[in-house]
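The structure appears below as structure tokens.
Protein chains in written order, with this note's numbering: chain A, 1345 to 1600; chain B, 56 to 279; chain C, 2 to 282; chain D, 43 to 289.
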């Protein structure tokens, strides 16, 4: 009887490697030894353009507040919220957040008022106008969000975090009202990709969150994830070569 | 006292302990530290019951929210009399659903609520999306550029594969659709799946080591 | 200036598109007709695996359908259940039904009632099949259930202790089961991770159509043995088991609605290119 | 039909049609339906959880004391500190345990099911399977997985000596993703249509069809009536459907 359970060895080993890489990268980032470039993400560049267009037309910018503040995609949405709120405050563009989560409300308040404060435009910040609470329930919120779109007629709508079956209805309504639609999600990929103008595909959303927040630790874990991906890519390449030349060795190692 | 209890370190330590214990127990085969060890079973039972005990959170939150709407006689986001109706339905469902007297989840009244209100209406609610699907198909599925054209073509073939009417065009439609589904799309999905799993893995390590405390964010819910 | 027909078409009110869909979906329910259906390889594999189950197997059927998903999954849910009960009659297999979420306690009850197998209707309940309630607590709950069924569900759905049901004699944990099925509208992740990965139990999935592409990598890597997808899978299984039911009624409407959507797509593209040619865009 | 069956048929049809009335426009029937549904569902979920606790934990506990169960039940009360402003933070303990055990029980297994098992089944023979189509499919699968994963590399500039080939592969990855999305969009359409068909099947059942036509007609007349009246009041059409301007 061995100490380790067979069939679980390689995945356990990978788990360990991932921990070492990620924590190592975060430590490096803390010391400030990490210089990172992020590849261009078109949807991110589009955010600036979209806010600029909203400023020109004088129409507001609308953002989906995301689901509970514990979800990863909602956390990424918060980083983007900070960014959009700041650029709206700077340009004096009207900005509206439609909040869905009761727990998320205090977090959203903190982020948006903080953004206005950083830009020195706290006098423009009217909480009742900027942050609107709909309903925590999926379709009740969807109908609230659509009402908001119809009454505000935003020039730019951003959605990310906690989107599921109702995402398409929100997207459709926004676009039909003439809004630029940028969204990001880890599910509902096909639907949102098709119906948004720009879409942050799955991991792109997290990368965007890390990039916009400028937090070196988030960037570090992004880089760590990339190293893990490269390890896996190398495994695939090597494994395929081994198999093609008739050796099962690497495959058996991975299946260990 | 409360200053100590308020510290973020306590919940982070709890997260780390439970997560690491479970992970190690899964891989180890020692008699006192394995998946089948008594301690593991106890911890899991504890966690399961704890999860179930969260059942009232959503309930209380909704109740407080709508009670607040009723008390303040609000017009937005919905006129308050709808909130009153919501509270009424909530009360009725709870009264007939709790295990007392002749009531309970298997009693006639709750069976009625389940089979003639919740089941059909929730299905219909989701099906509303299908109308928007039709509208989206009309609006977005334009071969504006190469990307859109390729996507459109893929969707087209798969739709004809899924609907029996596609077979009238010949067997090749079905074969092509199945090939698209099981070869390029399967590869793409696998790539997405691997990257998504890596993302969760990274997030998990950051939570365990206390570098990601987003889930502990949020403040007390403000009652109205 | 009067607008061209293309411009008008491109600005058509959404209500008319909705109307087209309404007509397409109601048509097959008013005018009955059927189209031939070729059985796909994926459904054939699913049927073959179940058909070749050895005698006296113990099969567990996990229910993981939300109320919302049920209107799609009804066809395949009932078809698989009928097939399982046929296995019970012919090959002496034992069938255990269990829900994976709160919604799925009453759903199997409703289905059993439709099939005439509800304990009130069928006195043989408990001998060869049972509905043992549902598993709360998500992944943790599932993992617990796999180690000790009675710790999570000491009673069946109607409150009878499991020890009093003959079918549950000698079934204590997941290793006593020969096959696991799951009908899902919310993903196979929990069963894959908590049942298949640790215990290597053969696993068949009955999936909602939009989860089918995402599940294929799992099928390809052998974690999932076979998959029955959506309403079409249900209709195909009905034909394979020769128990024509709701699936074959609804599949006709799939054809008409898909045709309507395709027609909308074609019109939209024609409009787009016509307007482009006229220099309107 | 008995009285109960009639009432059941009526509520089923009425509920479904109230929701579908939204496809015309927002209206009181829809508001009634959403509020009923939210309340009914939340109440129902709470009840079914309580039922499990009562049946599987509390009743067995009256016969034989189980310390773990008792501790867990008491610890479960920590959740409800969320509503107490002063000692709100205590609720985080319950959350932390729930999140921690969730991570611990899932991550190790996901690593196998979604990472290593997927990598293992991507290690395919690119040549010499004996079947030309099989070779071709294997090449496509490996290429698809490899390029999609490359697309999700963010911290590597897709330019320069190493970057240029990565840029090319990642471009292929984007195309693979687009094909994947096209295919899954086809399945999403199928799925949503099936949901609609399922409910319509329910509506057109013999016991429901009379109600369906009657209630449907009443709601439709109401909607068109209010629509016309509002149009008289305010000239601009209700739904603006202007052609969108591309950004």
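Backbone N, C-alpha and C define an ideal beta-carbon position, used for all residues, glycine too.
Between residue 171 of chain B and residue 241 of chain D, the C-beta gap is not smaller than 7 Å, which leaves the two residues out of contact.
For residue 61 of chain C, there is no enclosing alpha helix (DSSP H); the residue is part of the beta strand (DSSP E) that begins and ends at 59-65. Taking all protein chains in view, the Cβ of residue 230 of chain B is surrounded by fewer than 16 other Cβ atoms within 10 Å, so the residue is classified as exposed.
Inclusion of residue 81 of chain D and residue 144 of chain B in the CB contact set at 7 Å is warranted, their separation being smaller than that value.
In the three-state DSSP reduction, residue 234 of chain B falls in the helix class (H, G or I). When DSSP states are grouped into helix, strand and coil, residue 136 of chain B belongs to the helix group. About 6 Å separates the Cβ atoms of residue 236 of chain C and residue 38 of chain C, confirming a contact at the 8 Å cut-off. In terms of beta-carbon proximity, residue 169 of chain D lines the interface with chain A, with at least one pair separated by less than 7 Å.
Contact with chain C is found for residue 103 of chain B, since one of that chain's Cβ atoms lies less than 7 Å from the residue's Cβ. Contact annotation for residue 174 of chain D against chain A: no contact, minimum CB-CB distance about 15 Å [criterion: below 9 Å]. Within chain C, the residues 15 have their CB atoms less than 8 Å from the CB of residue 1520 of chain A, given in chain order.
Relative to residue 1374 of chain A, the option among B:270, B:266, B:89 whose CA is nearest is B:266. Secondary structure note for residue 1593 of chain A: its alpha helix (DSSP H) is the uninterrupted segment 1593-1598. Secondary structure of residue 202 of chain C (DSSP, three-state): coil. Neighbours of residue 1599 of chain A across chain D, judged by C-beta separation under 7 Å: 162. Take the alpha-carbon of residue 86 of chain C and the one of residue 220 of chain C: they are about 25 Å apart. Taking 9 Å as the Cβ-Cβ cut-off, the stretch 150-168 of chain C approaches chain B at 152, 153, 158, 159, 160, given in chain order.
Going by DSSP, residue 50 of chain C is part of the alpha helix (DSSP H) stretching over 42-52.
The beta-bridge partner set that DSSP reports for residue 1500 of chain A consists of A:1405, A:1524.
At a C-beta separation below 7 Å, residue 200 of chain D has these neighbours in chain A: 1383. Partner residues in the beta bridge of residue 1476 of chain A, as assigned by DSSP, are A:1442.
Cα atoms of residue 105 of chain B and residue 1578 of chain A: separation of roughly 42 Å, rounded to the nearest angstrom. Of the candidates B:78, B:100, B:66, B:84, B:100 places its Cα closest to the Cα of residue 137 of chain C. Looking at the backbone, the Cα of residue 158 of chain C and that of residue 1535 of chain A are separated by about 38 Å. Within the same chain, 191, 194, 195 come within 8 Å of residue 140 of chain C by CB-CB distance, once the 5 residues on both sides are set aside.
In the three-state reduction of the DSSP assignment, residue 88 of chain B falls in the strand class. With the rule of 3 Cβ pairs closer than 8 Å, the stretch 203-222 of chain C counts as touching the stretch 221-237 of chain D. Annotation: residue 137 of chain B to residue 1479 of chain A spans about 13 Å, alpha carbon to alpha carbon. Contact annotation: in the stretch 90-103 of chain D, residues whose CB is within less than 7 Å of a CB in chain C are 90, 91, 94, 97, 98, 102.
When the beta-carbon positions are compared, residue 225 of chain D and residue 213 of chain B come within less than 7 Å of each other. For residue 119 of chain C, the secondary structure class from DSSP, reduced to helix, strand or coil, is coil. Around the C-beta of residue 1508 of chain A, fewer than 16 other C-beta atoms lie within 10 Å, and the residue is accordingly described as exposed. Distance check between residue 111 of chain B and each of D:112, D:254, D:118 places D:118 closest, using alpha-carbon atoms only.
Using a Cβ-Cβ cut-off of 7 Å, residue 224 of chain C counts as an interface residue toward chain D, since at least one Cβ of chain D sits closer than that to its own. Residue state for residue 208 of chain C is assigned as strand, using DSSP reduced to three classes.
Within chain C, no C-beta atom comes less than 7 Å from the C-beta of residue 69 of chain D; the nearest is roughly 13 Å away.
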